[in-house]
Structures are given as C-alpha cells and as structure tokens.
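First residue of the sequence shown? That's 151 in the numbering used here, and the numbers climb one at a time after it. Idealized CB from N, CA, C, for every residue including glycine.
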Amino acid sequence: MSSRSVREEPVVFLMKLSSPAKINLFLRILGKRPDGYHELASLFQVIDLCDSIDFSFSDKDSLTCSDPGIPLDGSNLILKAADLFRKKTGLSFGLKAHLDKKIPFMAGLGGGSSNAATTLWALNQMHGSMIGLDRLKQWAGEIGSDVAFFLTEGTAYCTGRGEILEDIPSLPSTSLWIVKPWFGISTPKVYGKLDVGSLERRDPKISLRQFLDGEPSFYNDLEGPAFSLMPELRNLKEQLLSMGYKAVLMSGSGSSFFCVGAMPPKVEGAFVFPATFLNRSAYSWYTI
Ligand code: C5P
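In structure tokens form, the structure reads like this:
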C-alpha cells in the first residue's frame, strides 16, 4: 500500500496597500493650546498621489524604502504604528515592510501620517479585523495629529489638533496639480512663526458650508508664517496664480501647493504631480 505524504507549505501573508497623500482645502488656526499644539479647523481631502507599502509578518521588524532619504529606524511612523498596535493589543509579531515612496516629504501632504494609518489598517486586516475602526482612529491620534484622518473615507472636517473627525460626503471630482518646490519646510518652525492674533477671524463652519454648497473658498492660515520663513514660497504662489488657476493654495504647513485646474503648470525648481480627490468605500482601503 502506498502512502502519499503532504508537505505543508508555510503560509506567507503578504499585503500591498496604497498610502495616499492629503491636502487641506481650507485650514483655519483658532488658537494656541496649553500643550503647545494649535487648535485648528480644516477640511482635509485625500488625493490619488500615493506611496505603496508591502507588508508581511517576520520574526522581527524590518523596513526598507525605495528612497534613501527616508529614515528606516524607530523614528519612521510605519515602525511607530507597528509598536503602537503591539502595545495596544498585547500581540507579539514582527513586521516586514517595504515602502515605495512617491509622496514628497516636508511638503504638507501628510505622507508619513498616511504611512502610519496604512500600517494600522494593514495590521488590523492581517489580524482578522479584530479592532473596530473608531478604536483604531483613537490610537492613530497618539502617533501624530493627522494620522486618524487617513482612516476616514477620505473627506473630513478636522478639529482639535486635527484628530477630531467629522465625516463629510465625497466632494465632486476635481482636477489638481501638486507643485512641490525642491526645498521642504519644517512644520514646527512654521507653527513657531505663527502670530495667532494677526489672523482673520473667519468662521470655519461657514467655509465648510460653502464647500458643501459648491461655492468653495480656499485659504490656509499657515501660508503667512511659511511665506515669512521662506519668501520663495510667496513668489511661487504668485507665479502659479498668474497661470489662471481657479485656486492656488499651500497644503498644510507647506512647502507644496495645489492648483485647481486641468492645465499643467510650467514651473522651474519644483516637482509637479497630477492629482484628483480620492475616497474609499466603508470596508476597503484606498485604491487607484
Ligand atoms: O502631531 P504632529 O507630530 O504631526 O505635529 C508636528 C508639529 O506640528 C508639532 O510638534 C507642533 O509643533 C505642530 N503642530 C501644532 N498644532 C497642530 C498640529 C501640529 O502646533 N494642531
């Protein structure tokens, strides 16, 4: 009698996810808080400019990246997210991740925060979706102010440090160009230059209403301090405005701008990327 032996192959769990950038359609700073952060009110929107991350389990954490400029140690938000997931769940696992970097950094596009949110989503999927999305969003706030936003469906009115989220229905698809100067800018330095008393007292709830009514008003209270730190940014904005776009606005704390319109900008000394708004459905991650 012959017996057939069945060799068990090890199960390799591999997951590849897009990790998209964001822009701020308006960004209002309301004041400085006792903890040193600023109270803000902003309409955040995910866009289809994406990194891509491969995840698999391993005996210990390891991270590689297509861009040699990205730190691969514990300061990287992918590894911070893995640490947080372990700490909160009590699970022990090693994460092997490879980041294919497309989103420019020090750009106000939330690339690092998006990578962290994508990692939390991936780890939750790899563990059978054991954690509810609301809890995952709460944890995300511990990594950085913008991280929880990426766990929404792509459009949200964010307040507090940026971690208090109100879901907003998808906005009409809009053609954009992202313009990122070759230099970046430091977020803490931009906030450090901000004089809250000098800002216009616009009501962000009215701005939100205007967006929902299809009469958007684009503004960013961080442009003033960023322009005084780096006057080249003001020149770049003026140059882009002269090209006839419906709007040109710095995203987050800069140094990138988004231009609303279909025609590509002609600029020197900057990277240019086409983009459009991106939303996800309730139970799946962002795809492009
Ligand atoms: O939370 P996150 O690490 O992204 O913030 C980076 C820096 O940006 C903070 O250290 C702080 O200087 C500034 N910040 C702020 N108010 C916010 C968000 C960020 O002052 N709402």
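Would the C-beta of residue i count as close to the ligand C5P, meaning under 6 Å from any of its heavy atoms?
i	result
residue 307	no
residue 224	no
residue 190	yes
residue 337	yes
residue 187	yes
residue 178	no
residue 404	no
residue 261	no
residue 258	no
residue 169	no
residue 341	yes
residue 264	no
residue 401	no
residue 347	no
residue 434	no
residue 364	no
Could you name the residues of the same chain whose beta carbon sits closer than 7 Å to that of residue i, not counting the 5 residues immediately before and after it, in chain order?
i	result
residue 432	303
residue 152	For residue 152, the predicted structure reports a pLDDT of 44, less than 50, and the residue's modelled location is therefore unreliable. A value from the coordinates is still provided. Cβ neighbours of residue 152 beyond the five flanking positions: none.
residue 163	206, 207 and 276
residue 393	415
residue 335	256, 376, 379, 380, 403, 404 and 405
residue 299	172, 194, 306, 308, 312 and 315
Compute the distance between the beta-carbons of residue i and residue j, then report whether it is under 7 Å.
i	j	result
residue 403	residue 340	yes
residue 193	residue 361	yes
residue 251	residue 211	no
residue 254	residue 428	no
residue 220	residue 167	no
residue 435	residue 271	yes
Leaving out the 5 sequence neighbours to the left and right, which residues in its chain are closer than 8 Å to residue i when beta-carbon positions are compared?
i	result
residue 414	327, 422 and 424
residue 154	Bear in mind that the predicted position of residue 154 carries a pLDDT of just 48, short of 50, making it too unreliable to give a figure here.
residue 188	179, 180, 181, 182, 311, 341, 344 and 346
residue 214	222, 247, 248 and 249
residue 209	244
Could you work out which residue in the options is closest to residue i when comparing CA atoms only?
i	options	result
residue 180	309, 361 and 330	309
residue 291	234, 278 and 343	234
residue 228	293, 222 and 266	266
residue 268	382, 279 and 231	231
residue 324	186, 354, 263 and 198	198
residue 352	286, 399, 368 and 262	368
So, for residue i: in the same chain, excluding its five sequence neighbours on each side, which residues have a beta-carbon less than 6 Å away from its beta-carbon?
i	result
residue 307	193, 316, 318 and 358
residue 411	395 and 396
residue 262	227
Q: Kindly provide the ranges of any alpha helix (DSSP H) runs that are 4 or more residues long and lie completely inside the segment 344-391, ordered along the chain.
A: 354-362, 373-379 and 381-391
Q: Output the residue ranges of the beta strand (DSSP E) runs that lie fully inside the segment 182-235 and measure 3 residues or longer, sorted by chain position.
A: 188-208 and 212-215
Q: Return the chain-ordered ranges of every beta strand (DSSP E) run that is complete within the segment 265-296 and spans a minimum of 3 residues.
A: none
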